[in-house]
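Please read the structure below before turning to the comments.
Protein chains in written order, with my numbering: chain A, 1 to 523; chain B, 1 to 336.
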């Protein structure tokens, strides 16, 4: 085993350690478990399932539908739609939730009428149903871009040929979609969807506000309400099991149906023209997700900004913005470096142990941030008792935590492009015994410049939005835009909170712009 | 020249940090008033204050994980229950200070001086002026009466304020009666619990329900909000202090303790004394519409409007002791 392999295994294990500590503690006995199983578990599981199912269905419809029209059709405004459809991704679920927080209040007169004329019980049922519906719609409209991006990328690769042949055969548009596009983009849909589901499960603030008891809420209730870490970990195990089963399904489906990697040239990408009568309809269809997922929350925040009274002299908002950009940059750079290095080692030396073990490092993304925090705190206390040092409370600790959670985000694009573009070169350079360092820096790095940049940008956005890990692990006097927003919302300072919320969204704009440009140019 | 100047500055900075010390605070309080007071403490003493804000639960976890290496000197929470928990976990140490003994009434602090109250909160009933007459209201127990069916709103039981209220009811009436109470109150709710105390007040103002159980300062915040709608909400509501003919209204404290790991003990004690000083109480508690420790003498306009009240004399440590029991009762009756 050479030092490259050794280093990769070491880093992987370090990143896996907090996750291991969570899984390892599943079997601790707990006094309250019987109580939880009897009174709560069913409720937690069902409400989680409702939300996840609803969000999955809706975000798939929105994501696939918009990707299909925007990528494979030609109509006016298509180019603009193509990139504004990604924008909802910049809005964290908790900000979307509070931008829509009073939507239920608008319905109060109807509920009041219902309560008096029909009955309290019935009203409660309708109301709960509506709450679920609102949360599902809310999540779907800000999370569908994960499906959209993944399906669009897949269509850009294979859609061209499919459509060309279908048009030659004279198939109508809806048939092309059903018979060709849907089956061929299935792996991409599932890949995007698994991200949507993980983001849904990660949410705590929004479901708490709407009073829905999901598993994530249950974990907190056991951990803090009952002060029962063991039960919290047991509940986490249910959640992780759930997520792992999704991931495994995804792997199986992806494994079976590999993309047909035929490089169509972009110039000849033939698009289905949209008939004049339908243009308006298609445009509205593709514009709606943008309106609900981005425009409404964004404009609401802007109007609140007008009402807010920021004292610009004593303002630390500049400092806080700087903190956010600083920590997001450091985190995305280090995470991309690690993902790049380990993937290179895997690809270049093709060591079996590294290949197997490296899978462990990317589990973190499937676990809600709040649970990762438990793992990090546990790790911290072990290191503290053995070596007398703290890993939390420093920028390093925070970046490490982000690494545990977000490595997978950088991992996927880097892994797939390295497989596609560097595998044979790496093999050749190894046979020709070029040094591994030369290969890494002189060959892989320049070739993968674009996917690396995209990976870094996605991680950047994710870190800038991150809340639970930052809240619990940050250093003294350290606020990010996300924690500051959360703090102000906690005090119901909605007007004041609009500025940091908008800044979170705005600092992600350049990243979104680059992501869009580069995914389009890639072909 | 410039370089030398810079060097001097750096030395001065290092010296000042060593001589005056700093103070590291973990706090659950996120109010403007705290910021103002922290700043004036620094101005008066030269002691720099570093803050990490978070929920008391998470901060306690963090303290525990950091053990004796924790940089924190003071833990501030928004309820007594969490301080009791921190004490039980061995995260706090007792403080003996005449000033604190004098500033903080016995009821508002730990019997062994592990923690001290900083402000007082009363959990009361607010009701719609136009739909309910004061004489219809009496006690927390009365909220279980079928006459309130579909007429009351209260927030989720995930919240510590409700857990503490039920913990006190368990202590006063026993677990069996408390369970029955929680079950009946749940039955009387006009809607499933959601939102915070402010949202409950809003619901009453908007006619969703006739009364709500909330902490008083939320009403103060609404009445003084920048938003016109908030002020309108407050104008439609009135405060009622329950159980005035027997044990008194349920109160809790926001409080602080010196951490077991503290490396700046002297400064930390100075800080606690500072916050509990009578004149600072006005800023610390009252500008957030919480009651000062001497709540009986609070004379801000809004307190006068709400009227004076009799508070439950229950040992606040009991709230921490009964917390788990309370959470379980909520689970059993299905109060989400």
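For every residue, glycine included, the Cβ atom is placed at its ideal position computed from N, Cα and C.
Discussion item. By the 9 Å beta-carbon criterion, what residues does the stretch 175-193 of chain B contribute toward chain A?
Written reply: 189, 190, 191, 192 and 193
Discussion item. Taking 7 Å as the threshold (beta carbon to beta carbon), is residue 390 of chain A in contact with chain B?
Written reply: One-based indexing of the first chain puts residue 390 of chain A at position 390. Chain B contact via Cβ: present.
Worksheet item: Any idea which residues DSSP pairs residue 48 of chain B with across the strands?
Response: Mapped onto the second chain, residue 48 of chain B falls at position 48. In DSSP, residue 48 of chain B forms a bridge with B:22.
Worksheet entry | Contact with chain A by residue 30 of chain B, beta-carbon distance below 7 Å | The residue given as residue 30 of chain B occupies position 30 in the second chain. For residue 30 of chain B, the nearest beta carbon of chain A is closer than 7 Å to its own beta carbon.
Worksheet item: Which residues in the same chain as residue 190 of chain B place their Cβ atom closer than 7 Å to its Cβ, once the five residues preceding and following it in sequence are excluded?
Response: Counting from 1 along the second chain, the entry for residue 190 of chain B is found at position 190. These residues qualify, in order along the chain: 150, 151, 152, 153, 208 and 209.
Worksheet item: Under three-state DSSP, which class holds residue 329 of chain B?
Response: Working through the second chain from its first residue, we reach residue 329 of chain B at position 329. It is helical.
Worksheet entry | Interface residues of chain A facing residue 328 of chain B [CB-CB closer than 7 Å] | One-based indexing of the second chain puts residue 328 of chain B at position 328. 35, listed in chain order.
Fill in: Whole runs of the alpha helix (DSSP H) within the stretch 105-193 of chain A, excluding any shorter than 4 residues
108-117, 120-143, 145-154 and 160-168
Practice prompt. Quick one: grab the DSSP three-state call for residue 258 of chain B.
Written response: Working through the second chain from its first residue, we reach residue 258 of chain B at position 258. Strand, per DSSP.
Worksheet item: Hey, is residue 492 of chain A's beta-carbon within less than 7 Å of any beta-carbon in chain B?
Response: In the first chain, residue 492 of chain A corresponds to position 492, counting from 1. Yes, residue 492 of chain A lies at the interface with chain B (some Cβ there is under 7 Å from its Cβ).
Worksheet item: Got a sec? Which residues, its chain only, sit under 6 Å from residue 87 of chain B by beta carbon, not counting five neighbours each side?
Response: Taking the first residue of the second chain as 1, we reach residue 87 of chain B at position 87. Answer for residue 87 of chain B: 114, listed in chain order.
Practice prompt. List the DSSP bridge partners of residue 253 of chain B.
Written response: Numbered from 1 along the second chain, position 253 holds the residue referred to as residue 253 of chain B. Note: residue 253 of chain B sits in a beta bridge opposite B:120.
Worksheet item: Taking C-beta to C-beta, are residue 459 of chain A and residue 410 of chain A nearer than 7 Å?
Response: Working through the first chain from its first residue, we reach residue 459 of chain A at position 459. Working through the first chain from its first residue, we reach residue 410 of chain A at position 410. Cβ distance < 7 Å, so residue 459 of chain A and residue 410 of chain A count as in contact.
Discussion item. Between which residues of its own chain and residue 324 of chain A is the CB-CB distance below 6 Å, once the five residues before and five after are set aside?
Written reply: Residue mapping note: residue 324 of chain A aligns to position 324 of the first chain, counting from 1. Only 464, 480 and 481 meet the Cβ criterion.
Worksheet item: Tell me which same chain residues have a C-beta within less than 6 Å of the C-beta of residue 219 of chain A, skipping the five on either side of it?
Response: Here the question's residue 219 of chain A lines up with position 219 in the first chain. The residues are 232, 235 and 236.
Worksheet item: Any idea if residue 168 of chain A is buried or exposed, counting beta-carbon neighbours within 10 angstroms, 16 or more meaning buried?
Response: Along the first chain, one-based indexing puts residue 168 of chain A at 168. With fewer than 16 Cβ atoms within 10 Å of its Cβ, residue 168 of chain A is classed as exposed.
Discussion item. Helix, strand or coil, according to DSSP, for residue 277 of chain A in the structure here?
Written reply: Translated into the one-based positions of the first chain, residue 277 of chain A becomes position 277. Secondary structure of residue 277 of chain A (DSSP, three-state): helix.
Worksheet item: Just reading off the beta strand (DSSP E) that residue 212 of chain B is part of, what are its end residues?
Response: For the purposes of this step, residue 212 of chain B is identified with residue 212 of the second chain, where counting begins at 1. Per DSSP, residue 212 of chain B belongs to the beta strand (DSSP E) from 211-215.
Discussion item. With three or more C-beta pairs closer than 8 Å as the rule, is the stretch 118-132 of chain B touching the stretch 236-250 of chain B?
Written reply: yes
Discussion item. Please report the straight-line C-alpha distance between residue 261 of chain A and residue 157 of chain A, rounded to a whole angstrom.
Written reply: Stepping through the first chain from its first residue, residue 261 of chain A is reached at position 261. Stepping through the first chain from its first residue, residue 157 of chain A is reached at position 157. The pLDDT assigned to residue 261 of chain A is 45, lower than 50, so where the model puts this residue is not dependable, and the model offers no usable value.
Discussion item. For chain B, check one thing: does any of its Cβ atoms lie closer than 7 Å to the Cβ of residue 301 of chain A?
Written reply: Mapped onto the first chain, residue 301 of chain A falls at position 301. Taking Cβ atoms only, chain B never reaches closer than 7 Å to residue 301 of chain A, which makes this a no.
Discussion item. Which residues does DSSP list as the beta-bridge partners of residue 27 of chain B?
Written reply: Looking up residue 27 of chain B in the second chain gives position 27. B:53 and B:76, per the DSSP bridge assignment.
Worksheet item: How should residue 31 of chain A be labelled, buried or exposed, when 16 other C-beta atoms within 10 angstroms of its C-beta is the threshold for buried?
Response: Residue numbering aside, residue 31 of chain A sits at position 31 when the first chain is read from its first letter. With fewer than 16 Cβ atoms within 10 Å of its Cβ, residue 31 of chain A is classed as exposed.
Worksheet item: Where do the N-terminal and C-terminal ends of the beta strand (DSSP E) with residue 419 of chain A fall, by residue?
Response: Position 419 of the first chain holds residue 419 of chain A. Unbroken run through residue 419 of chain A is the alpha helix (DSSP H), 395-421; no beta strand (DSSP E).
Worksheet item: Hey, would you say residue 107 of chain B sits closer than 7 Å to residue 226 of chain A, going by beta carbons?
Response: As a working note, residue 107 of chain B is residue 107 in the second chain. As a working note, residue 226 of chain A is residue 226 in the first chain. Residue 226 of chain A is positioned such that its CB atom lies no closer than 7 Å to that of residue 107 of chain B.
Worksheet item: Which of the residues in the stretch 47-60 of chain B, read from start to end, lie with their CB under 7 Å from any CB of chain A?
Response: 50, 51, 52, 53, 54, 57 and 58
Fill in: chain A contact for residue 207 of chain B (CB, 7 Å cutoff)
For the purposes of this step, residue 207 of chain B is taken as the residue at position 207 of the second chain. With 7 Å as the cut-off, residue 207 of chain B counts as an interface residue toward chain A.
Worksheet item: Of all the CB atoms in chain B, is at least one closer than 7 Å to the CB of residue 210 of chain A?
Response: Here residue 210 of chain A is taken as the residue at index 210 of the first chain, counted from 1. Closer than 7 Å: yes.
Practice prompt. Note down, in chain order, each residue of its chain lying with its Cβ closer than 7 Å to the Cβ of residue 11 of chain A, except the 5 sequence neighbours on either side.
Written response: Indexing the first chain from 1 puts residue 11 of chain A at position 11. Counting only Cβ-Cβ distances below 7 Å, and skipping sequence neighbours, we find 338 and 342.
Fill in: Within chain B, the residues that residue 217 of chain A reaches when beta carbons sit closer than 8 Å
For the purposes of this step, residue 217 of chain A is identified with residue 217 of the first chain, where counting begins at 1. 158, listed in chain order.
Item to complete: For residue 56 of chain B, collect the residues of the same chain with a Cβ closer than 7 Å to its Cβ; drop the 5 residues on either side in sequence, then sort them by chain order.
Response: The residue labelled residue 56 of chain B in the question sits at position 56 within the second chain. If we look at residue 56 of chain B and ignore the five residues flanking it on each side, its Cβ neighbours are 28, 77, 78 and 82.
Item to complete: Assuming residue 469 of chain A contacts residue 513 of chain A (C-beta within less than 8 Å), just tell me the rounded distance between them.
Response: Within the first chain, residue 469 of chain A is the residue found at index 469, counting from 1. Within the first chain, residue 513 of chain A is the residue found at index 513, counting from 1. With a Cβ gap of about 27 Å, residue 469 of chain A and residue 513 of chain A do not count as contacting.
Practice prompt. Kindly say whether residue 369 of chain A, judged by its beta-carbon, lies nearer than 7 Å to any beta-carbon of chain B.
Written response: By one-based count along the first chain, residue 369 of chain A stands at place 369. Contact with chain B is absent for residue 369 of chain A, since none of that chain's Cβ atoms lies less than 7 Å from the residue's Cβ.
Worksheet item: Touching or not, the stretch 72-83 of chain A and the stretch 278-297 of chain A, by the rule of three or more beta carbon pairs under 8 Å?
Response: With the cut-off at 8 Å, the stretch 72-83 of chain A and the stretch 278-297 of chain A touch.
Discussion item. For a test of your reading of the model: does the CB of residue 111 of chain A fall under 6 Å from any non-hydrogen atom of the ligand NAP? Yes or no.
Written reply: Absent from the structure shown: the ligand NAP. Ligands present: none.
Worksheet item: What is the DSSP secondary structure of residue 226 of chain A, counted as helix, strand or coil?
Response: What you label residue 226 of chain A is simply residue 226 of the first chain in a count that begins at 1. If DSSP states are grouped into helix, strand and coil, residue 226 of chain A belongs with coil.
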